[in-house]
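Residue numbers (my numbering): 297 to 378. All C-beta atoms in this analysis are idealised placements derived from N, C-alpha and C, irrespective of residue type, glycine included. Being a predicted model, the structure only gives us computed values, none of them experimental.
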Amino acid sequence: MHAYKLNISIPEDRLVRLPEELPVGPAELIVLVSPTPAAEPSNADALLRVLGELRARHRPTRSKEEIDRELQAERDSWDDGP
């Protein structure tokens with residue numbers, strides 16, 4: 297298999313004409329596109345960003361015992377009334 301490298305600009309209709317010197321027959325076509333600076337983030341990029349934000353805001357988990365102690369301390373601080 298031989299490789300041919302062409303630097304082209306893809307037109308609006310996405311139709312590209314290959315040079316006549318390329319042989320006719322089966323071929324494998326690989327298209328490498330340079331990222332554009334104003335490209336929208338992919339779904340994966342957006343998900344990674346959201347997960348990063350959640351991780352940054354994540355509070356450490358507490359055990360049942362720790363929660364029970366905090367609730368009891370809060371209840372103990374309540375005034376029994378007049």
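- Proximity to Leu318 across Arg351, Leu302 and Asp309 peaks at Leu302, based on C-alpha coordinates.
- Out of Asp341, Ile306, Pro337 and Glu336, the CA that lies nearest to the CA of Leu328 is found in Ile306.
- Val346: member of the alpha helix (DSSP H) spanning Asn339 to Arg353, first to last residue.
- For Ile363, the enclosing alpha helix (DSSP H) begins and ends at Lys360 to Ser373.
- In this model, Glu316 and Asp309 are separated by some 21 Å (Cα to Cα).
- Annotated as proximal: Glu366 and Arg358, with beta-carbon spacing under 9 Å.
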